[in-house]
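Numbering (my numbering), first residue to last: 3 to 573.
The C-beta atom is built at its ideal place from N, Cα and C for all residues, glycine as well.
This one's a predicted model, so the numbers in the text were calculated from it and none came from an experiment.
Here's the structure, in structure tokens; my notes come after.
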Ligand SMILES: [Zn+2]
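Pasting the structure below:
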């Protein structure tokens with residue numbers, strides 16, 4: 003392909019709204035253009051990368067025995083109402099009414115529709131197991147679309163759904179998908195990790211995520227993994243091992259109101275009162291489906307909101323706003339405490355049980371209470387809500403320690419069980435003639451997200467460094483001077499040889515200065531580039547450059563194509 007015959011609008015400046023490097027690079031290198039918040043056009047280079055990711059996914063899904071179909075983007079709301087997700091998915095779902103006033107939904111996932119297919123088409127255990135998948139656009143009305151394709155409102159996914167006669171069958175299907183995912187992501191160039199995750203709104207009883215570890219700000223999830231065994235989990239899911247708390251022989255004292263003017267944060271209070279954070283109890287007020295609940299946790303700990311949400315079985319959990327806190331406690335944010343909090347249920351992390359003479363907010367502006375003990379207030383329930391942290395003992399092997407790293411979720415697996423089949427009445431007849439609900443699993447891969455994750459994981463200060471399997475083109479040829487017939491003739495003949503050998507090539511035929519062409523080549527990131535210029539030609543050589551480390555090989559002109567292929571294959 004000639005540069006002037008395609009469209010690669012590279013830019014000099016980073017886009018103003020991009021927060022992470024992969025988003026900046028994809029815009030600057032001319033891969034994507036924003037239409038509106040969270041919705042992008044994929045320009046020619048992006049389109050090629052997406053096709054390559056899709057093809058890898060498709061090949062491995064087919065090898066794993068999954069069958070490709072296409073389901074509609076537009077769904078009738080009734081299906082979602084029947085499974086209850088019309089309520090649970092809530093505002094993230096794109097909804098509309100058709101001209102007959104029927105509620106319609108733009109699909110963000112397809113459990114309902116695929117279960118509807120199975121209900122109509124699959125009657126007997128003899129037709130099972132079955133795994134149906136598609137590669138298709140999805141919609142999610144993100145409250146705050148950001149990070150380019152990473153958290154978009156319209157994106158492409160591969161979604162697969164397995165149907166089995168029983169849980170044993172589901173486990174086999176799940177394992178097959180996990181194996182396929184490892185193959186897919188390794189082919190895409192990632193050192194991917196499979197970690198335990200929360201089932202969330204999807205329901206079911208087990209879930210895993212495939213994470214690409216990154217050292218940049220683009221890693222939006224924190225993973226904890228064991229230094230000794232294979233335990234790895236999303237921090238929201240990671241089990242915090244109940245702590246063995248040393249007994250204190252401190253005698254309980256009498257509580258005392260202290261003046262703490264403007265001291266609202268844990269840091270401010272601890273330094274003002276000269277008490278360590280372990281001597282504080284934080285009182286956080288949440289709204290669980292608009293109902294207030296207070297949660298107590300030690301000052302130096304973090305509440306795992308996923309655990310809290312699961313415990314409360316609520317659809318929406320958010321921190322209470324300042325006016326609600328004022329109404330419930332009579333004080334500003336920062337001075338909330340459990341004493342006298344009569345009108346709100348109080349949940350406490352069990353670590354509180356062993357605390358003596360601690361500090362709490364006084365429910366009075368600019369005031370805390372010191373020397374507080376458990377007798378001084380009411381606790382309705384103890385629930386393990388502490389978020390696991392790096393450095394803790396591994397919950398699986400008990401000997402290793404948890405290490406934290408940041409990652410991008412590129413795939414997920416869910417054991418759904420019979421949630422969807424029962425809700426939608428999707429039954430088959432088993433070998434004893436009994437009707438039973440399908441036992442289901444669901445398996446997603448973010449195609450657009452995987453492409454951007456590669457940029458987040460592989461780049462340098464000059465631009466993108468594509469893994470070779472998903473680069474838009476394998477090789478990039480740069481004749482330094484298009485007005486020089488010899489440069490042109492060599493460039494075109496090398497392109498022809500490479501294309502005949504089955505490689506994809508972009509040839510920069512612009513009348514631009516060499517510096518511009520090299521900068522753009524670094525920016526758009528093809529794995530191997532071939533530069534043809536006067537200096538080399540005098541010595542009978544061309545330069546072949548590996549994008550990943552910019553290392554240069556000087557090769558004889560006549561061997562250019564062969565040598566470039568060799569270098570490409572070795573990458
Ligand atoms: Zn371990």
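Tell me whether residue i counts as near ligand 1, meaning its Cβ is closer than 7 Å to at least one heavy atom of that ligand.
i	result
residue 402	yes
residue 230	yes
residue 407	no
residue 190	no
residue 398	yes
residue 42	no
residue 33	no
residue 233	yes
Do residue j and residue i count as a contact pair if the criterion is CB distance below 8 Å?
i	j	result
residue 373	residue 255	yes
residue 479	residue 497	yes
residue 47	residue 474	yes
residue 96	residue 141	yes
residue 440	residue 212	no
residue 354	residue 364	no
residue 340	residue 382	no
residue 455	residue 412	yes
residue 410	residue 222	yes
If I follow the unbroken beta strand (DSSP E) through residue i, where does it start and stop?
i	result
residue 127	Per DSSP, residue 127 belongs to no beta strand (DSSP E) and is neither H nor E.
residue 445	441-448
residue 42	41-44
residue 321	319-321
residue 217	Counting along the chain, residue 217 falls outside any beta strand (DSSP E), and DSSP gives it neither H nor E.
residue 555	554-558
residue 328	Note, residue 328: premise wrong, no beta strand (DSSP E); alpha helix (DSSP H) at 324-331.
residue 195	195-198
residue 359	Run containing residue 359: none; DSSP gives neither H nor E here.
residue 430	429-431
residue 108	105-108
residue 38	34-38
My output table needs one value for residue i: the three-state DSSP class, helix, strand or coil.
i	result
residue 312	helix
residue 497	helix
residue 475	coil
residue 438	strand
residue 285	strand
residue 156	strand
residue 53	helix
residue 95	coil
residue 354	helix
residue 60	helix
residue 521	helix
residue 47	helix
residue 534	strand
residue 10	coil
residue 19	coil
residue 76	strand
residue 298	strand
residue 162	strand
residue 258	strand
Decide if residue i is buried, meaning its Cβ has at least 16 other Cβ atoms within 10 Å, or exposed.
i	result
residue 523	buried
residue 502	exposed
residue 160	buried
residue 98	exposed
residue 321	exposed
residue 191	buried
residue 156	buried
residue 540	exposed
residue 265	buried
residue 227	buried
residue 125	exposed
residue 476	buried
residue 329	exposed
residue 122	exposed
What are the start and end residues of the alpha helix (DSSP H) that includes residue i?
i	result
residue 183	169-189
residue 120	113-123
residue 570	562-572
residue 368	Counting along the chain, residue 368 falls outside any alpha helix (DSSP H), and DSSP gives it neither H nor E.
residue 581	Any question about residue 581 goes unanswered here, given that the chain covers just 3 to 573.
residue 460	Here residue 460 belongs to no alpha helix (DSSP H), and DSSP marks it neither H nor E.
residue 413	Looking at the DSSP string, residue 413 is not in any alpha helix (DSSP H); the run it does join, the beta strand (DSSP E), is 404-419.
residue 79	79-85
residue 24	23-30
Between residue i and chain D, is any beta-carbon pair separated by less than 8 Å?
i	result
residue 41	Note that chain D does not occur in the displayed structure, where there is just one protein chain.
Residue i: beta carbon under 7 Å from a heavy atom of ligand 2?
i	result
residue 554	This structure simply doesn't include ligand 2; it includes ligand 1 instead.
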